[in-house]
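Everything below concerns the one structure shown next.
In the numbering used here, the protein residues as written are 1 to 88.
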């Protein structure tokens, strides 16, 4: 899969899309995509998470996990697929 600079990919479990409000309506993830436009990926994902918690308005019936990946371009001086390993 190729990505252009600035593109992002949201990975999520079915616990996100199957989360229901008190009327039984599923969480409308597609309608909430605008929440991921924040330039800070961590803040964008936190905003989406808070919106999901507000939608459910109580304990979730299933676990929910989300991971937001953003592509910022190639690292200068390194070929694609040959990036240095960063130590922790």
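We put the beta carbon where it would ideally sit given N, CA and C, even for glycine.
On a predicted model such as this, the values are computed, not experimentally measured, just so you know.
Look at the alpha carbon of residue i and the alpha carbon of residue j, and state the distance between them as a whole number of angstroms.
i          : j          : result
residue 57 : residue 42 : 22 Å
residue 61 : residue 49 : 15 Å
residue 65 : residue 12 : 6 Å
residue 2  : residue 24 : 37 Å
residue 55 : residue 21 : 5 Å
residue 6  : residue 46 : 19 Å
residue 74 : residue 18 : 36 Å
residue 26 : residue 33 : 15 Å
Assign residue i to buried or exposed, taking buried as 16 or more other Cβ atoms, counted over all protein chains shown, within 10 Å of its Cβ.
i          : result
residue 71 : exposed
residue 53 : exposed
residue 16 : buried
Query raised in the report: Along the chain, which unbroken stretches of the beta strand (DSSP E) at least 3 residues long are found entirely within the stretch 28–85?
Result: Secondary structure within the stretch 28–85: the beta strand (DSSP E) runs of 3 or more consecutive residues, fully enclosed, are 66–70 (chain order).
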